[in-house]
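In this text, residue positions in the sequence shown follow this note's numbering: the first is 163, and each later residue adds one. Ideal Cβ placement from N, Cα and C applies to all residues, glycine included. Input: a single structure, listed below in structure tokens.
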Amino acid sequence: MGVLVTLTVPAAPAEAAGGGGASLRSHAARTTPNASHAPRALIAIPKAFAAAPFVLNIACARGPCACYRVVVIGLSHWSFRIARIAKIDVKVHFTFALILALGAWQWGRVHGLRGAAFGVLLMTLLFVCVTLHELGHSLVARSFQLPADEIVLYPFGGAAQVDGDAPKPIQEALVAIAGPAVNVMIAAILLLITSAKLEWMRLTTGEHLTRAALARPSTTTLLVWLLSANLMMALFNMIPAFPMDGGRVLRSVLAHRVGAVAATRVAAGLGQALSLGIGIWALTADNYGLTATALVMFLGATGEQRAPARRSALASLRVGEVFNRNAITLVPGDPVARVIDHLLTSYQPDFAVIEGGELVGVVTRKRVLDALAKSTRAQEVAEIMDRQVPRIDARTSLEEVQERMQRESIPVVAVFEDEQGGRYLGLVSQDDLAEARLVAGYVQRQTEAGIRGE
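In structure tokens form, the structure reads like this:
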């Protein structure tokens, strides 16, 4: 996942306003005033970029308990694919246009149409770097047989959908490090190109890199900002606290000594403390964008902190324990109007269709609504039911069922005594799993409180 931390464009150079001198507006720091040649200017770049856009990237596993993950997964339904790289879909959320418009406005208000085009190009290339960062996570995850088939770009950054957790701590660390490592490689390449260009400028025109120059649209400005962005992405992501990549590295290191649960609590606690500190500072500085980022970080750290206990509780439950034993069933010849009556008079959203004692399909609330939207004629259940229903053995753990339903976007599964041909028992939906998570989490908390003697 990526979060756009802050976005502030350099102030207009004084030359453009008709005066002498120039400065970069920054929330945190200013560059050294005498950065008149390439080495000193490049040293000052990370400070200057405190005023530029940079992104916090987090490999976003579709785990069951992290609330920020749920938000990202829900938002991904409003995305469309723009590319496919190594069998990984790269999608853009429809609100992504906002960040392009923001870049165009912030550069265009000073430099006109040329500045607006530069702002769009800068933001586009920045998110190309974000995509490469997420590809790093995804490709390394795949090397450990973890499904990773989608990257989604949002106005606040990017999210790599990696299903599940690496089985070994060292594998988790490698997956986490892969993203920042990509940014380091990009920064190294950009540093070579930028240094060569600055030296060429010095030899051919006698010009040097100045703060005023960095506030004007140019190839040099583009290179310097992208270089700074990648450095900041790499450094910020490696902070050893959840939900940053560094938090996963810290957990993998601590897991060898104190176990995964305790390691998660330490990394998550650091993440909560860090996000609170950032949030308080951002509020005092009236930086509402950074405040929102701190909130996302806090939610992510909190979700990670609660995840081990909930996973443990879900792993102890079987899907055969949560299906509705008093569910209403249908037959293929039932009119759709009857299904509507059931939807209005019961809390049941999904209905099994039974014929001759066998499950032949499922009718979901969505199927009914789609049917009503497409046709006004009287229809029967057989016309709208879904005949392809995933079968689940009743002995399967809820954790495993949940991971599969999230990974494959399955709304409902059919529970059987035996997956290969046993007796049909009932249906389990995403709502059923959500209720089971709440109950399991409550029971787990009560158990832990009893152990501690609270």
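- Apart from sequence neighbours up to five positions away, the residues of its chain that approach Arg413 with a beta-carbon distance below 8 Å are Pro331, Glu334, Phe404, Ala422, Ala425, Thr426, Val428, Ala429, ordered along the chain.
- Of the residues Leu445, Glu570, Phe578, Val292, the one whose Cα lies closest to the Cα of Glu520 is Phe578.
- Bridge partners of Gln434 according to DSSP: none are assigned.
- Between Val344 and Gly409, the C-beta spacing is not below 7 Å.
- Nearest to Pro573 by C-alpha distance, out of His418, Phe513, Leu365, is Phe513.
- According to DSSP, residue pairing for Asp503 in a beta bridge does not occur.
- Shown here, Gly341 sits in a helix according to DSSP, grouped into three states.
- Straight-line measurement puts the Cα of Glu312 at about 5 Å from the Cα of Gln323.
- Taking C-beta atoms as the reference points, Arg480 and Arg585 fail to come closer than 7 Å.
- Judged by beta-carbon spacing, Ala417 lies beyond the 7 Å limit of Gly441, meaning their Cβ atoms are not closer than that value.
- Counting along the chain, Asp251 sits inside the beta strand (DSSP E) bounded by residues 250-255.
- Boundaries of the beta strand (DSSP E) around Leu315: 310-316.
- Sequence-distant Cβ neighbours of Val522 in its own chain, meaning closer than 6 Å and more than five residues away, are Val515.
- At a Cβ-Cβ threshold of 7 Å, Leu336 and Val292 do not count as neighbours.
- Rounded to the nearest whole angstrom, the CA to CA distance from Met459 to Asp407 is 12 Å.
- Val590 is the residue among Glu296, Leu560, Val590 whose C-alpha sits nearest the C-alpha of Asn486.
- Judged by DSSP in its simplified three-state form, Ala447 adopts coil rather than helix or strand.
- Taking C-beta separations shorter than 8 Å and ignoring five residues to either side along the sequence, the partners of Pro511 in its chain run Leu505, Thr526, Arg527, Ser591, Asp593, following chain order.
- Under DSSP, the beta-bridge partners assigned to Val577 are Ile554, Gly588.
- With fewer than 16 other Cβ atoms from the protein chains shown falling within 10 Å of its own Cβ, Asn488 counts as exposed.
- Secondary structure of Gln333 (DSSP, three-state): helix.
- Between Ala349 and Asn392, the C-beta gap is smaller than 7 Å, which places the two residues in contact.
- Leu521 has Ile516 as its beta-bridge partners, per DSSP.
- Restricting attention to Asp496, Met285, Thr491, Val524, the CA atom closest to the CA of Ser508 is found in Thr491.
- Within a 10 Å sphere around the beta-carbon of Tyr450 sit fewer than 16 other beta-carbons, which makes this residue exposed.
- Note on Thr286: under 16 other CB atoms within 10 angstroms of its CB, so exposed under the neighbour-count rule.
- In the structure shown, Arg246 adopts extended strand secondary structure according to DSSP, grouped into three states.
- One Cα belongs to Val415, the other to Pro402, and the distance between them is close to 11 Å.
- Between Val563 and Ile554, the C-beta spacing is below 7 Å.
- In the DSSP assignment, Ser300 forms no beta bridge with any residue.
- In the DSSP annotation of this structure, the continuous segment of the alpha helix (DSSP H) that includes Gly408 starts and ends at 407-420.
- Residue Gly277 holds the alpha-carbon nearest to the alpha-carbon of Ala377 among Trp267, Asp532, Gly277.
- Selection Arg243, Gly462, Gln434, Glu483 evaluated against Glu597 yields Glu483 as nearest (Cα-Cα).
- Going by beta carbons, Leu397 and Leu352 fall outside the 7 Å limit.
- When DSSP states are grouped into helix, strand and coil, Val543 belongs to the helix group.
- Cβ-Cβ separation between Lys253 and Leu308: approximately 19 Å, too far for a contact (criterion under 8 Å).
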